[in-house]
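Chains as they are written, first to last, in the numbering used here: chain A, 343 to 857; chain B, 53 to 126.
Written out as structure tokens, the structure is:
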């Protein structure tokens, strides 16, 4: 049995690497707008197409594919070298993204290279999680797997936290003047978060190299009992395929939408529907993550006693029951309708920039309104003005952003905290649940695919489908929530009816895959 | 409860093609509304990924209908 000191090392080696992989994956998503302007100019339709492919293919296609490729290698060769390989692939591709010259310098080669590197990132992420979760679980003593694997479960959220923090810090530290700092960040500073990743990767590779192979897999290998064809055994043998389908529809599908709603759609909603400004919408998420992260350990550890199924399904149920209320409260907190505007303090500035050689000018009108409780509303309207007759043409582009007073800000932190608490309930125990569902010889392959379809496809689609629904049914700003509510509801029914409680299963049962 | 599990198997079998139909009809509507290459590519990716998932749901329903997820079975 692995000693406590040794298992701490195992957790550190696994979690640090997985955290870095999530960080690497998220910074690309968080900096998508800057990257698009550098590599995928909208004036070039092929570059724009490559951008779309990079956004959608990396998350939805390549992640499950990476789960199959690296899951197979992990079940054939071993966990240690496989998740070492995924870490190196992720680290080098992320570092390389930070080095690639922009479209202006090397033209069409730039978006192609970036697309390929993004696909490598998706592939590596698909292989990493299953390896780390399996590696830790196979070291953990029976009855403590929920607790020990929950450390791996913190990494996805902490990876997002670190990526947001590094981006915000870099964005504000490049120059004493905030405006100039943001300009520098958009020009070249965005590369820093990609480049610093390599230092973290080197440290993590060094730590992982010193680790031994998982004891369960090493024993299987020494006895010559490893699988010869893990993909066929996982998905062509009925007994195991049944478990893969059950894991997907009864657990990871619902967990994926709860996760993406709490951590990603919430931020999109706060920024786009509530119109909260860039920095506040991100720091709200940062605080909520910071307060909620310890609960991954709480619920992971608790699942060792109360059962994985119960905690995950209660998390889904709470999310289904309260999402509309929580998101509705976010709208209410940012609503200016019930506030009193301090009209005498309103500031309006208009700038007119004539275009050389043309009979029109670009007009920008900025108004700053203050409200009695301290809320600040900035609205900027841009349009084109024909100089001879002073007539405005084209539809004016109006953007608004609000800065919340402290009370509203912390209320929003509290609401997002509740949503991430649901994430900790559904996500904290899931690694232990998945590793205990499949036998050692095909565990890496079998658990990785439902995990990445549940999270990458069902979860990853959440912001897109939710936003799409709001454009179809424009009258209801909360209509986007029907997607996660419906998917989590289906998963809840399947999980409740078909998944057997942990106590009825023999954890790490070796007989389940035998048809 | 086993009879509920089996009956719902039929629901899962029907839900797979129904979800796919909804997805394809939404894709057709969205592409005709915004006939850009990006829109087409993203919907092709979604439908391509959803096909095996819908097939998986049908298979899951089939197993449930046959009683393979019944509680008294191993």
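Cβ atoms here follow ideal geometry from the backbone N, Cα and C, with glycine treated the same way.
Bear in mind the structure is a predicted one, so any value in this text is a computation, not a measurement.
- Take the alpha-carbon of residue 579/A and the one of residue 113/B: they are about 17 Å apart.
- If the five residues before and after residue 801/A are omitted, its C-beta is found closer than 7 Å to the C-beta atoms of 598, 599, 601 and 602, all from its own chain and listed in chain order.
- Looking at the DSSP output, residue 721/A bridges to 709/A and 742/A.
- Per the DSSP secondary-structure output, residue 690/A pairs in a beta bridge with 709/A.
- Between the C-alpha atoms of residue 649/A and residue 547/A there is a straight-line separation of about 34 Å.
- Pairwise C-beta distances place the stretch 613-625 of chain A out of contact with the stretch 767-779 of chain A, as fewer than three of them are shorter than 8 Å.
- Residue contact check for residue 828/A against chain B: no CB pair falls below 8 Å.
- For residue 105/B, the nearest CB of chain A lies under 8 Å from its own CB, placing it at the interface with that chain.
- Identification of residues in the stretch 766-795 of chain A having a C-beta nearer than 9 Å to some C-beta of chain B yields 795, given in sequence order.
- Between the alpha carbons of residue 837/A and residue 651/A lies a gap of roughly 7 Å.
- Residue environment: residue 59/B is assigned as exposed (fewer than 16 neighbouring CB atoms within 10 Å of its CB, all protein chains considered).
- In this structure, the alpha-carbon of residue 488/A lies about 26 Å from that of residue 505/A.
- Rounded to whole angstroms, the Cβ separation of residue 429/A and residue 470/A is 7 Å, and the two are in contact under 8 Å.
- The beta-carbon separation of residue 369/A and residue 535/A, rounded to 5 Å, stays under the 8 Å limit for a contact.
- Annotation: residue 386/A is outside any alpha helix (DSSP H) and is labelled neither H nor E by DSSP.
- Per DSSP, the unbroken alpha helix (DSSP H) holding residue 112/B starts and ends at 89-117.
- Listed in chain order, the non-local C-beta contacts of residue 110/B below 8 Å within the same chain comprise 64, 65, 68 and 69, local neighbours out to five positions each way being set aside.
- Where residue 629/A is concerned, the enclosing alpha helix (DSSP H) starts and stops at 620-634.
- Apart from sequence neighbours up to five positions away, no residue of its chain approaches residue 351/A with a beta-carbon distance below 6 Å.
- Residue 557/A carries a helical assignment under DSSP once its states are collapsed to helix, strand and coil.
- Taking 8 Å as the cut-off, the beta carbon of residue 792/A is found closer than this to the beta carbon of residue 589/A.
- Secondary structure note for residue 352/A: its alpha helix (DSSP H) is the uninterrupted segment 346-372.
- Secondary structure note for residue 64/B: its alpha helix (DSSP H) is the uninterrupted segment 54-85.
- A direct Cα-to-Cα measurement between residue 751/A and residue 757/A gives close to 10 Å.
- Measuring C-alpha to C-alpha distances from residue 769/A to each of 789/A, 516/A and 594/A identifies 594/A as the nearest.
- Counting of Cβ neighbours within 10 angstroms places residue 346/A among the exposed residues, the total staying below 16.
- No Cβ of chain B is located within less than 8 Å of the beta carbon of residue 450/A.
- The stretch 377-389 of chain A and the stretch 758-767 of chain A do not touch, with fewer than three beta-carbon pairs separated by less than 8 Å.
- The beta-carbon separation of residue 116/B and residue 72/B, rounded to 19 Å, does not stay under the 8 Å limit for a contact.
- Under the three-state reduction of DSSP output, residue 434/A falls in the helix class.
- Exposure of residue 85/B is indicated by the presence of fewer than 16 other C-beta atoms within 10 angstroms of its C-beta.
- Buried is the label assigned to residue 422/A, since at least 16 other Cβ atoms lie within 10 Å of its Cβ.
- Just measuring C-alpha positions, the residue of 737/A, 364/A and 562/A sitting nearest residue 465/A is 364/A.
- In the three-state reduction of the DSSP assignment, residue 727/A falls in the strand class, which pools E and B.
- Contact residues of the stretch 515-527 of chain A toward chain B are absent (C-beta to C-beta distance below 9 Å).
- Taking a beta-carbon distance threshold of 8 Å, residue 73/B does not count as an interface residue toward chain A.
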